[in-house]
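As you go down the protein sequences, you meet chains Y and W in turn.
For the first sequence, counting from 1, position 76 maps to 76 in full-length UniProt numbering; every step adds exactly one.
For the second sequence, counting from 1, position 103 maps to 103 in full-length UniProt numbering; every step adds exactly one.
Every residue gets a Cβ at the ideal spot worked out from N, C-alpha and C, and that includes glycine.
Note that the structure is predicted; figures quoted are calculated from it, not measured.
Number of protein chains: 2
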Amino acid sequence: MTRPVEQLLSQLHARFDTASVLVGDAVDPRYSDDLSGKNGVRPELVLRPRTTAEVAEMLRLCNDIGQRLVVHGGRTGLAGAARVEPGEAVLSLERMTAIEAPDREAATIVAEAGVPLQVVQNAADAAGLLFGVDIGARGTATVGGNVATNAGGIRVLRYGMYRAQVLGLEAVLANGSILTSLKGLPKDNSGYDLNQLFIGSEGTLGVVTRACLRLHPKPATEVNAFCALASLEAAIALLGLLRQRLGPLLSAYEVNFSPLYGAMIAGMQAPAPLPAGAPVYVLAEIQGTESDRDGERFAAVLMQAVEEGVIDDVVVSQSPREFRALWDVREDANRFLFSIEGLVGVDISIPLARMAAFLRDAEVAIRTADRNAEIYVFGHLGDGNLHYQVQTSEPALAYDIVYRGVAAAGGAVSAEHGIGLDKKKWLHLVRSEAEIAAMRRLKAAFDPTNILNPGRIFDAAPR
Amino acid sequence: MTRPVEQLLSQLHARFDTASVLVGDAVDPRYSDDLSGKNGVRPELVLRPRTTAEVAEMLRLCNDIGQRLVVHGGRTGLAGAARVEPGEAVLSLERMTAIEAPDREAATIVAEAGVPLQVVQNAADAAGLLFGVDIGARGTATVGGNVATNAGGIRVLRYGMYRAQVLGLEAVLANGSILTSLKGLPKDNSGYDLNQLFIGSEGTLGVVTRACLRLHPKPATEVNAFCALASLEAAIALLGLLRQRLGPLLSAYEVNFSPLYGAMIAGMQAPAPLPAGAPVYVLAEIQGTESDRDGERFAAVLMQAVEEGVIDDVVVSQSPREFRALWDVREDANRFLFSIEGLVGVDISIPLARMAAFLRDAEVAIRTADRNAEIYVFGHLGDGNLHYQVQTSEPALAYDIVYRGVAAAGGAVSAEHGIGLDKKKWLHLVRSEAEIAAMRRLKAAFDPTNILNPGRIFDAAPR
Numbered sequence: 001m002t003r004p005v006e007q008l009l010s011q012l013h014a015r016f017d018t019a020s021v022l023v024g025d026a027v028d029p030r031y032s033d034d035l036s037g038k039n040g041v042r043p044e045l046v047l048r049p050r051t052t053a054e055v056a057e058m059l060r061l062c063n064d065i066g067q068r069l070v071v072h073g074g075r076t077g078l079a080g081a082a083r084v085e086p087g088e089a090v091l092s093l094e095r096m097t098a099i100e101a102p103d104r105e106a107a108t109i110v111a112e113a114g115v116p117l118q119v120v121q122n123a124a125d126a127a128g129l130l131f132g133v134d135i136g137a138r139g140t141a142t143v144g145g146n147v148a149t150n151a152g153g154i155r156v157l158r159y160g161m162y163r164a165q166v167l168g169l170e171a172v173l174a175n176g177s178i179l180t181s182l183k184g185l186p187k188d189n190s191g192y193d194l195n196q197l198f199i200g201s202e203g204t205l206g207v208v209t210r211a212c213l214r215l216h217p218k219p220a221t222e223v224n225a226f227c228a229l230a231s232l233e234a235a236i237a238l239l240g241l242l243r244q245r246l247g248p249l250l251s252a253y254e255v256n257f258s259p260l261y262g263a264m265i266a267g268m269q270a271p272a273p274l275p276a277g278a279p280v281y282v283l284a285e286i287q288g289t290e291s292d293r294d295g296e297r298f299a300a301v302l303m304q305a306v307e308e309g310v311i312d313d314v315v316v317s318q319s320p321r322e323f324r325a326l327w328d329v330r331e332d333a334n335r336f337l338f339s340i341e342g343l344v345g346v347d348i349s350i351p352l353a354r355m356a357a358f359l360r361d362a363e364v365a366i367r368t369a370d371r372n373a374e375i376y377v378f379g380h381l382g383d384g385n386l387h388y389q390v391q392t393s394e395p396a397l398a399y400d401i402v403y404r405g406v407a408a409a410g411g412a413v414s415a416e417h418g419i420g421l422d423k424k425k426w427l428h429l430v431r432s433e434a435e436i437a438a439m440r441r442l443k444a445a446f447d448p449t450n451i452l453n454p455g456r457i458f459d460a461a462p463r
Numbered sequence: 001m002t003r004p005v006e007q008l009l010s011q012l013h014a015r016f017d018t019a020s021v022l023v024g025d026a027v028d029p030r031y032s033d034d035l036s037g038k039n040g041v042r043p044e045l046v047l048r049p050r051t052t053a054e055v056a057e058m059l060r061l062c063n064d065i066g067q068r069l070v071v072h073g074g075r076t077g078l079a080g081a082a083r084v085e086p087g088e089a090v091l092s093l094e095r096m097t098a099i100e101a102p103d104r105e106a107a108t109i110v111a112e113a114g115v116p117l118q119v120v121q122n123a124a125d126a127a128g129l130l131f132g133v134d135i136g137a138r139g140t141a142t143v144g145g146n147v148a149t150n151a152g153g154i155r156v157l158r159y160g161m162y163r164a165q166v167l168g169l170e171a172v173l174a175n176g177s178i179l180t181s182l183k184g185l186p187k188d189n190s191g192y193d194l195n196q197l198f199i200g201s202e203g204t205l206g207v208v209t210r211a212c213l214r215l216h217p218k219p220a221t222e223v224n225a226f227c228a229l230a231s232l233e234a235a236i237a238l239l240g241l242l243r244q245r246l247g248p249l250l251s252a253y254e255v256n257f258s259p260l261y262g263a264m265i266a267g268m269q270a271p272a273p274l275p276a277g278a279p280v281y282v283l284a285e286i287q288g289t290e291s292d293r294d295g296e297r298f299a300a301v302l303m304q305a306v307e308e309g310v311i312d313d314v315v316v317s318q319s320p321r322e323f324r325a326l327w328d329v330r331e332d333a334n335r336f337l338f339s340i341e342g343l344v345g346v347d348i349s350i351p352l353a354r355m356a357a358f359l360r361d362a363e364v365a366i367r368t369a370d371r372n373a374e375i376y377v378f379g380h381l382g383d384g385n386l387h388y389q390v391q392t393s394e395p396a397l398a399y400d401i402v403y404r405g406v407a408a409a410g411g412a413v414s415a416e417h418g419i420g421l422d423k424k425k426w427l428h429l430v431r432s433e434a435e436i437a438a439m440r441r442l443k444a445a446f447d448p449t450n451i452l453n454p455g456r457i458f459d460a461a462p463r
C-alpha cells in the first residue's frame, strides 16, 4: 500500500465509522464483479456512504490523492462497467435506499441511488401510477445504475429510455461539488440541463445520488398476445399495423427468432403458448384506459393480421395469469442463455429497414467461420434492439462479424447495456474520432484526475 | 477595425463568395434584433454558410482570432440570445434549408438548421406522420433555433419538449470540429449522448447544422374544447380527470386567466367562443386513432365534469373549422399582448400544487407596488408553464416580485424561452453556484475562447 493510500485511509477512518469504510478482509468478494461474466479483483477498499454529503466528502478525499474508484449500484451491468480493476476502490451506493412517497398531482417520485427499480415500480403502483421502465434485473438493478446506463428494457416503445423518466438529479462531481436539481418540473429551460450529462455516461462524469422520476397514469387494462410469424418482414409489418391502428395503446413489441424459442421451450417448466417451428415469434402488449374495450380492439387488429396472412398463429391473454405467463416465456430467454457457457452476446441496434439483410449476412459469415455455430436472437423489435448470441468455437471472429455488420448497417454496438470495459474496443466502429475526442473533453472537464470509473467507455487521452 | 479582424475578412473573402460574407453596408438591419423587443447593434459582419463544412471553416477562422459570434436561426427568440452586441459578428444558418423526405418506416426526418418548423410539420403531414412540437412562431422559427432553445409549445404534455424529438444532431464546435450523429436510432447507448449538450444550451456550446427528428403517427381525430371554470383549482381538477379517463389521448391543455380573455375578445374579429367573465378558461385538445369514437369519449368526460360542477360552460369543436377557430382564440393572446408597449413579460414554470398561492401572492405584491397594474396570464397549464404579463409603471419591481415568487415556489425563471441576455441576472435565483460553475466548466471545455453566443445564459468566469 502506497503512502498516499495510507494517508487516505487514516483520513477516512477519522471521519467515518467501520460500516462505511471496509478494508482488507472486511471486503466481501461480491464487490469484485458484475454480471458481465468476467472476474474482477477483490478491492482493498470499499466506501459505503449513507448520504450525499458523505459521498461528497469521500470523493473529495479520493480526488485529492487521485484514488481511482468504481461506482457500484446493483452490479447487474452486462458491459463490465462495475467490474473492479487492480488499484480501484469501490464506492457503493447500497446504503442510500431512501424513497419518498410519490407526488400524485405532479406524478413524480424522488428516490436515492441505491433504491432497486422494483421498489420504484411498487411505490408508483401503490399510488395508482406507473413507472415507465422495466427490465429483467428489476429486483437488483438500482436507480443510480439505471440512470448511469440509461436503462432501456421492454417498454421503451411507449415510455422512452430511462433518460425520458428523469426530471431531475442530484449528482456529485469528482471534486466533491454537489449538483442538486430535484424540482421535478416538466418544463425548465433555465440554463443548461446538467442532468443529461450523468444519464448514460456510466458513472464517468459524476456519482448520481438521487433522482426525481416521472410517473405515468396506471393503465386500466394490460393485455398481451404471442404470435407466430413467417418472417422478420411480417413482424415489421405487424408492428406498423399495430402502431397505426392502436397508436399509443401499444406498449411493448418483443421478438424471438428461431431456433431460440424451440430451445427455450424444450427446458421450460410451464406449457409453451405456441408450438415451436415458426421462424419468428412476437410478444405484443397494450396498456389502455378502457377496460371494457381495449382488449377487443387489440384482438380485432390481430385477427385482421391473421386474415391478411401477416400472422400465422396467435394467442391473446384472457386473464392477468395468462398475461404474466406470456411475459414469463419472454423472460425465460435469459434463463436459457445464461445456462450456456462462453456465449458470444451482444446488445445491438439496427435500423428496421436493414435488419433482415444484417441478420442474413451475419449468419452466412458466422457459419462460414464455424459451421457448427448456433445463433440465438431475441430483443425489443419495436426499438430496433436485438440481443444477439452465438454459441461458437470462434468467439473473436463472431464478435468481429457482428459488430462490423452493425456498423455497416448504421446501427449501434450498444443499444441499452452500455460500453463499460468490455465493448470499448469496438466503440470506434460507430463513433467518430471527433465524437470520442468530445467525450474526452467532457471527461477532462468534470473529472480531471480521472478517478471516476476510469477506462470505462474510452481510455483517457494520453497527457 | 482592428488588425486581426482585417486579417479574418481577407481570409473569409479568399474562401467564400460575397453572398456568404456580408460586410458593412451589405448587412441588412434585420440582423440586429430578435423578438425580445430590445434593440441590438447592426453587425459589421454576417456569415451565411451553405454547408456544414462551410460552418466549420468559418468557425475555425473566427476561433483563431477570437472573433465573437452570435448564431442566428429565425430570430424569433424572446430572451435576447440572438440580439447582436457590439463587436459581435452574426453566423446565420438561413441558407441551410435542405430537408430530406421522411423515413416512414423509422418515422424520422433529417433537416438542416435553417428549415422553419412549419416546413418540418408539413413534410411530416404529407407523409402521414406528425411532428410533435408546435409553437406560435412556426412559420419563422427554425430547426437550429428550436434545438438550441429546447422549444416547448402547446403539445409538450403529449410529445415532450423539443429534446424528446431529437434522435440525432450534427453540430460544429467553436474550433471547427464536426460532430455528426444522425443515425436516428431510438436506442443507442454507445458512449456519451453528445446531442444532449447542444439542446437548450442556446448556441453557447456549438452550432447545430442538422437534426434527425422523431415523427409520430398522424392522429385520425383532433377535437378541442373551450371551457369556462370558476378557479385554477377547478382547472387542475379537470386536467386530472382528463388524464385519468383519456390517458394519452389528451394532447394539449392551455389556460387563460381573467381579465386577459375579456380584453382579447374585445378586439377580436371572430366571434368569441364563450362570453367573458369567468375567472379561468381552458382549451383542451385530444388526438386519437378512432375517428368514430374519440370525440364522443372526450365529450362524455367533459359532460361529466359539467355535471360534477368542475366546468361551468363548454363548447366542443364539431368540425375542422371550429377546431381551428378555437386554436385561433388561443393564439390571439399574442396579438393582444404584443400590442401593449413596455409590458413586463415572463415565461415561468410553477409546480401545480403551488400555483394558486403563487398567483395570489404575486398579484397582492404587484398591486401594492402599483395599484393600477393589469396582470395578464395564459399558458400551458398541463406543463405548469405560465406566460405572465404585467402592464405597470413599476416594471423593475414587477420582475423582482414575480421571479422571487417563482424561486420560492420551486419553479423556473424560464420554462421554454431560455435565458439569453435578458434573464441571466435572475438565473442565480433558481440555479445554485455549483450548478452555474458546472455550466462554466462545460462552456470552457467546448468553447475555450468564448466566441459562441458569449454572455448568453451566464457570463464567462473571470480568467
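If you follow the alpha helix (DSSP H) that Ile45(W) is part of, which residue opens it and which one closes it? Within the second sequence, the letter at position 45 stands for residue 45(W). Here the sequence assigns Leu to residue 45(W), which means Ile is not the residue at that position. Counting along the chain, Leu45(W) sits inside no alpha helix (DSSP H); it lies in the beta strand (DSSP E) bounded by residues Leu45 to Leu47.
Look at the alpha carbon of Val5(W) and the alpha carbon of Val21(W), and state the distance between them as a whole number of angstroms. Translated into positions along the second sequence, residue 5(W) becomes position 5. Translated into positions along the second sequence, residue 21(W) becomes position 21. Approximately 13 Å between the Cα atoms of the pair.
Using the beta-carbon count (16 or more within 10 Å), is Ala408(W) buried or exposed? Locating residue 408(W) in the second sequence gives position 408, counting from the first residue. Per the 10 Å Cβ criterion, exposed.
Among all the DSSP beta bridges, which residues are the ones paired with Gln244(Y)? In the first sequence, residue 244(Y) corresponds to position 244, counting from 1. BP columns for Gln244(Y) are empty, so no partner.
So what does DSSP say about Asp459(Y), is it helix, strand or coil? In the first sequence, counting from the first residue as 1, residue 459(Y) sits at position 459. Looking at Asp459(Y) - three-state DSSP - the assignment turns out to be coil, as it is neither helix nor strand.
Phe198(Y) and Val147(Y) closer than 9 Å at C-beta: Residue mapping note: residue 198(Y) aligns to position 198 of the first sequence, counting from 1. Residue mapping note: residue 147(Y) aligns to position 147 of the first sequence, counting from 1. Contact flag set, yes.
Measuring only the C-alpha atoms, how far is Gly262(W) from Ala365(W)? Reading the second sequence from its first residue, position 262 is the one you call residue 262(W). Reading the second sequence from its first residue, position 365 is the one you call residue 365(W). One C-alpha to the other measures close to 23 Å.
For the beta strand (DSSP E) that contains Thr108(W), what are its first and last residues? Position 108 of the second sequence, counted from the first residue, corresponds to residue 108(W). Start and end: Thr108 to Glu112.
Taking 9 Å as the CB-CB limit, is Arg463(Y) close to chain W? Indexing the first sequence from 1 puts residue 463(Y) at position 463. Its pLDDT being 47, under 50, Arg463(Y) is placed unreliably in this model, and the coordinates cannot settle the point.
What's the C-alpha gap between Met96(Y) and Glu112(Y)? Within the first sequence, numbered from 1, the residue matching residue 96(Y) stands at position 96. Within the first sequence, numbered from 1, the residue matching residue 112(Y) stands at position 112. Their backbone Cα atoms lie some 6 Å apart in a straight line.
Whole angstroms is fine: what's the gap from Glu374(W)'s alpha carbon to Glu105(Y)'s? Looking up residue 374(W) in the second sequence gives position 374. Looking up residue 105(Y) in the first sequence gives position 105. Roughly 30 Å between the two C-alpha positions.
Where Ala101(Y) sits in the DSSP three-state scheme: The sequence position of residue 101(Y) within the first sequence is 101, counting from 1. Three-state result, Ala101(Y): coil.
Give me the subset of the segment 256-271 of chain W whose CB atoms are less than 8 Å from a CB atom of chain Y, sorted by chain position. Shown here is that no member of the segment 256-271 of chain W has a Cβ falling below 8 Å from a Cβ of chain Y.
When you compare only the Cα positions, how much space is there between Phe336(W) and Leu239(W)? Numbered from 1 along the second sequence, position 336 holds the residue referred to as residue 336(W). Numbered from 1 along the second sequence, position 239 holds the residue referred to as residue 239(W). Taking the straight line from one Cα to the other gives about 26 Å.
Going by C-alpha distance, which of Ile135(Y), Ala53(Y) and Glu100(Y) is nearest His380(Y)? Taking the first sequence and counting its residues from 1, one reaches residue 380(Y) at position 380. Comparing Cα-Cα distances from His380(Y) to each of Ile135(Y), Ala53(Y) and Glu100(Y), the minimum goes to Ile135(Y).
Indicate whether Leu185(W) and Ala412(Y) have their beta-carbon atoms separated by less than 9 Å. The residue you call residue 185(W) lines up with position 185 of the second sequence. The residue you call residue 412(Y) lines up with position 412 of the first sequence. The beta carbons of Leu185(W) and Ala412(Y) sit closer together than 9 Å.
Chain W within 9 Å of residue 465(Y), Cβ atoms only: In the structure as shown, chain Y starts at 1 and stops at 463, and residue 465(Y) therefore has no counterpart that could be examined.
Helix, strand or coil for Pro320(Y) per DSSP? Walking along the first sequence from the start, residue 320(Y) turns up at place 320. Of the three classes helix, strand and coil, the one that applies to Pro320(Y) here is helix, per DSSP.
Establish whether the CB of Asp422(Y) and some CB of chain W are separated by less than 9 Å. Here residue 422(Y) is taken as the residue at index 422 of the first sequence, counted from 1. Answer no: the Cβ-Cβ gap between Asp422(Y) and chain W never drops below 9 Å.
Once you ignore the five residues that flank Ala56(Y) on each side, which residues in its own chain have a CB closer than 7 Å to its CB? The residue you call residue 56(Y) lines up with position 56 of the first sequence. Val172, Gly176 and Ile178.
For Ala79(W) and Val369(W), the rounded distance between their alpha carbons: Residue 369(W) sits at position 369 when you count from the first residue of the second sequence. Residue 79(W) sits at position 79 when you count from the first residue of the second sequence. The identity of residue 369(W) in the sequence shown is Ala, whereas the question assumes Val. Looking at the two C-alpha atoms, the distance is approximately 25 Å.
Report the three-state DSSP secondary structure of Leu249(Y) (helix, strand or coil). The sequence position of residue 249(Y) within the first sequence is 249, counting from 1. Leu249(Y) falls in the helix class under three-state DSSP.
Which term fits Thr51(W), buried or exposed, when burial requires 16 or more other beta carbons within 10 angstroms of its beta carbon? Numbered from 1 along the second sequence, position 51 holds the residue referred to as residue 51(W). The residue is exposed, with fewer than 16 neighbouring Cβ atoms inside 10 Å.
Interface residues of chain W around His417(Y) at Cβ under 8 Å? Sequence index remark: in the first sequence, residue 417(Y) carries index 417 (1-based). Near His417(Y) (Cβ distances below 8 Å), the residues of chain W are Asn189.
Thinking just about the alpha-carbon of each residue, which of Glu202(W), Leu182(W) and Ile311(W) is nearest to the one in Asp193(W)? Locating residue 193(W) in the second sequence gives position 193, where the first residue counts as 1. Taking only the C-alpha atoms, the option nearest Asp193(W) is Leu182(W).
Would you call the segment 226-241 of chain Y and the segment 280-287 of chain Y touching, i.e. three or more CB-CB distances under 8 Å? Touching, per the Cβ criterion.
Just to confirm, are residue 469(W) and Leu386(W) a CB contact at a threshold of 9 Å? An answer regarding residue 469(W) cannot be provided, because it is not within the stretch 1 to 463 covered by chain W.
Glu296(W): which of Asp332(W), Leu249(W), Val255(W) and Phe338(W) sits nearest, CA to CA? Here residue 296(W) corresponds to residue number 296 of the second sequence, with the count starting at 1. Per the Cα distances, Leu249(W).
Counting only beta-carbon atoms, is Phe446(Y) nearer than 9 Å to chain W? Sequence index remark: in the first sequence, residue 446(Y) carries index 446 (1-based). By this cut-off, Phe446(Y) is an interface position.
Beta carbon proximity, His387(W) to chain Y, threshold 9 Å: Residue 387(W) sits at position 387 when you count from the first residue of the second sequence. So, not an interface residue.
Express the C-alpha separation of Gly74(W) and Glu100(W) in angstroms, rounding to a whole number. For the purposes of this step, residue 100(W) is taken as the residue at position 100 of the second sequence. For the purposes of this step, residue 74(W) is taken as the residue at position 74 of the second sequence. Rounded to whole angstroms, Glu100(W) to Gly74(W) spans 20 Å at the Cα level.
With 16 other Cβ atoms within 10 Å as the buried cut-off, status of Phe458(W): Within the second sequence, residue 458(W) is the residue found at index 458, counting from 1. Flag for Phe458(W) reads buried.
May I ask you to list, following chain order, the residues of the segment 154-184 of chain W that have a beta carbon less than 9 Å from some beta carbon of chain Y? Val156, Leu157, Arg158, Gly160, Met161, Arg163, Ala164, Leu173, Ser177, Ile178, Leu179, Thr180, Ser181, Lys183 and Gly184
Once the 5 residues before and after Pro454(W) are set aside, which same chain residues still bring their CB inside 7 Å of it? Position 454 of the second sequence, counted from the start, is the residue given in the question as residue 454(W). When the five nearest sequence neighbours on each side are left out, the beta carbons in the same chain lying within less than 7 Å of the beta carbon of Pro454(W) are those of Arg68 and Ala460, in order along the chain.
Suppose you measure from the CA of Leu343(W) to the CA of Ala398(W); what does that come to, to the nearest Å? Here the question's residue 343(W) lines up with position 343 in the second sequence. Here the question's residue 398(W) lines up with position 398 in the second sequence. Each residue's alpha carbon lies about 10 Å from the other.
Does Asp370(Y) come out as helix, strand or coil in the three-state DSSP assignment? For the purposes of this step, residue 370(Y) is taken as residue 370 along the first sequence, with counting starting at 1. It is coil, neither helix nor strand.
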